[in-house]
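Encoded as structure tokens, the structure appears first; notes follow it.
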DNA sequence: ACTGCGACTTAGGAGTGGGCGT
DNA sequence: ACGCCCACTCCTAAGTCGCAGT
């Protein structure tokens, strides 16, 4: 069987060889990377605003985009129509008006002549009621102020000393800065790890003067404690600042947010997600990362590519600097990008999840998952059929897909060995990651999974599977070493190509979305009890959410203060119980009293006491629910699924159905992200 | 076919500030 | 009024997936 289609080489042999090779050679291949990430500054693209028409989109006042217009007819001809400069300027003026008006409104400090709309942050734009772009165009107009750079390095005061081998040593500013990065992490366990220290020291030495390099040859002889103490003191001082000073900082942050935190995209002022450039520091990979401790270098204007409309006001680089490039690519959504020096990957500044451009995509994601719902039975039948295929590659594909569907595993792209932590997903599972038990705890055909997934989070699960799957797995594992690929004839590209044929837009990750959302919907139906009060219903919601988080393996480290906070809560519950029995006793005696006296006053007293008892009972119940919820949530993170996998319309519909305020389920940020769902879903929405 | 890159989503942890109980 | 704690925000790493180039 294995040789039936043996005409083609095994896909993964090459990678595997690589892995083994690199395992021995340890960290190599850096030379190439460094070249790519070098500081060579490419030609500066001259900005030429004065020759350009300010081609602001029209109809600013209506705050409505016109997307139904044909791109060509709206855009290009305008340009050709040779608007005169004045007109162009006028448009631009309008554009600025929008910006400043909105800014003021937000702050609620408008003081102009005409009656202001005040308070209400002027009608929220319902982008979901408008037509979408279809042709890969992401926007027509984009203007922003560029990124906010990390503050420059401030040298330490001279009384904060660094010691090498017990002797004070004044470091050059460059070396000192990198030393402070290490000092700041001193009481983190990272700094005890060999790889971290090795990487750090190597990169640190690159920043040293040749004199320093000559002296400082052993990290163990470095004493950073004064630096470390200094930073601790600084953070204490920050905490102890006066209210006024804190307010000042807050105001300054707000100012920066207003200036840099928004862009104009197609007539609308939209929030930018990460407008601050990542500051330099030591790289902290997750899990067993071979590059931990490396120096993440400072990003400068000449590293930055700016993306905006030709007809916008370009962001200014800081005085005396230039951007690497200014481009006008409206087929992408990012405003700013740069190449990071650790992995050589590109980083982006993009919009907030509340923005149209992110929201549309999110919505579309759930629509794809709903389409999967319609054909998932067919697909399941097909992959079950494929377990019997004559071709190995098809069987592997079918078993992998079964795991992805049943266990919500990630696709599992190949990764470059030695560049990142050793983690896997479905297609990259290795023989060592599963164990087969023909029988286990009274169940037949049990597969035990144990591997590190994304972010080096452990996936551990024992699942009974169909006999056919089990037999296939045995076959796949025959004559293989533990570190051989389980699915040697499969990779994500093959799998996704297959999925694409089964349904338009179908990829491996759609199964995660689909299974997460459908599970929430089912669980909500099952767990919600119409008799119960709101806190109990919310507990049910959280339990449904939790079922999804468990399915998707969304874990968290138990909070450091977990035990304590659990105890605190228990103390509160005990106190409340005492309070309740007191209140009950008082009620009893009031009743007795009223029976004797039979006057209005004592009757009233009874009523009051009754109310008190009721109130306390409710409070107690709420606390108990809270305790249950917290206990069950110890190692489970609900946020990720809520934010990325659960169709918000399911939750909104549930809220509407049971009269639960949506605020109980979604906080402010989440409500902003899911505004489209909150607006459009009614109580009988079905995923 | 295969690789590497670019763009975008998904992820957990650190940091913090505001609400709460005392 | 005060201190504590936890919910939320920020941060940025680590995935997915498609595509271009060879």
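Numbering (this note's numbering), first residue to last: 190 to 876. For each residue, glycine too, the CB sits at the ideal point set by N, CA and C. Nothing here was measured: the structure is a model prediction, and the numbers come from that model.
The stretch 801-811 makes no contact with the stretch 706-715: fewer than 3 CB pairs, one atom from each, lie closer than 8 Å. For the set 313, 723, 468, the Cα lying nearest the Cα of residue 536 is the one of 468. Per the Cβ contact rule, the stretch 776-794 is not in contact with the stretch 847-860 (fewer than 3 Cβ pairs under 8 Å). Here residue 360 is buried. Its C-beta has 16 or more other C-beta atoms within 10 Å.
In this structure, the beta-carbon distance from residue 486 to residue 576 does not fall below 7 Å. Rounded to the nearest angstrom, the gap between the Cα atoms of residue 343 and residue 463 is 24 Å. Taking every protein chain shown into account, the CB of residue 585 has 16 or more other CB atoms within 10 angstroms, so this residue is buried. Remark: fewer than three beta-carbon pairs, one from each stretch, lie closer than 8 Å, so the stretch 525-536 and the stretch 448-455 are not flagged as touching. Closest option to residue 345, judged by alpha-carbon separation, among 330, 365, 353, 811: 365. In the structure shown, residue 607 falls within a coil segment according to DSSP collapsed to helix, strand and coil. Looking at the DSSP output, residue 636 shares a beta bridge with 625, 652. Under the three-state reduction of DSSP output, residue 543 falls in the coil class, being neither helix nor strand.
Residue state for residue 737 is assigned as helix, using DSSP reduced to three classes. For residue 514, the enclosing beta strand (DSSP E) covers residues 514-516. A straight-line Cα-Cα distance of about 26 Å links residue 835 and residue 588.
When DSSP reads this structure, residue 526 sits in a beta bridge with 494, 537. Here residue 581 carries a helix assignment [DSSP, helix/strand/coil].
Beta-bridge analysis with DSSP links residue 453 to 332, 458. In this structure, residue 678 sits near residue 582, with a CB-CB distance shorter than 7 Å.
Non-local C-beta neighbours of residue 385 in its own chain, meaning closer than 7 Å and more than five positions away in sequence, comprise 379, 481, 482, ordered along the chain. Annotation: the stretch 367-445 contains the following complete segments of the alpha helix (DSSP H) (minimum length 4 residues), in chain order: 383-396, 399-404, 414-428. The count of Cβ pairs closer than 8 Å, one atom from the stretch 424-443 and one from the stretch 369-383, stays below three, leaving the stretches out of contact. Taking a contact as a CB-CB distance under 8 Å, the pair residue 849 and residue 723 counts as one, their CB atoms being some 6 Å apart. When the five nearest sequence neighbours on each side are left out, the beta carbons in the same chain lying within less than 6 Å of the beta carbon of residue 651 are those of 635, 637, in order along the chain. Per DSSP, reduced to three states, the secondary structure at residue 762 is helical.
The C-beta distance from residue 806 to residue 769 rounds to 6 Å, short enough to meet the 8 Å contact threshold. Between residue 809 and residue 331, the alpha-carbon positions lie close to 54 Å from each other. Taking C-beta atoms as the reference points, residue 653 and residue 620 fail to come closer than 7 Å. Rounded to the nearest angstrom, the gap between the Cα atoms of residue 507 and residue 876 is 49 Å. In the structure shown, residue 338 adopts coil according to DSSP, grouped into three states. When only Cα atoms are considered, residue 695 and residue 643 end up about 21 Å apart. Boundaries around residue 357 are those of the beta strand (DSSP E), 356-358, since no alpha helix (DSSP H) includes it. Straight across, the Cα-Cα distance linking residue 471 with residue 372 is about 11 Å.
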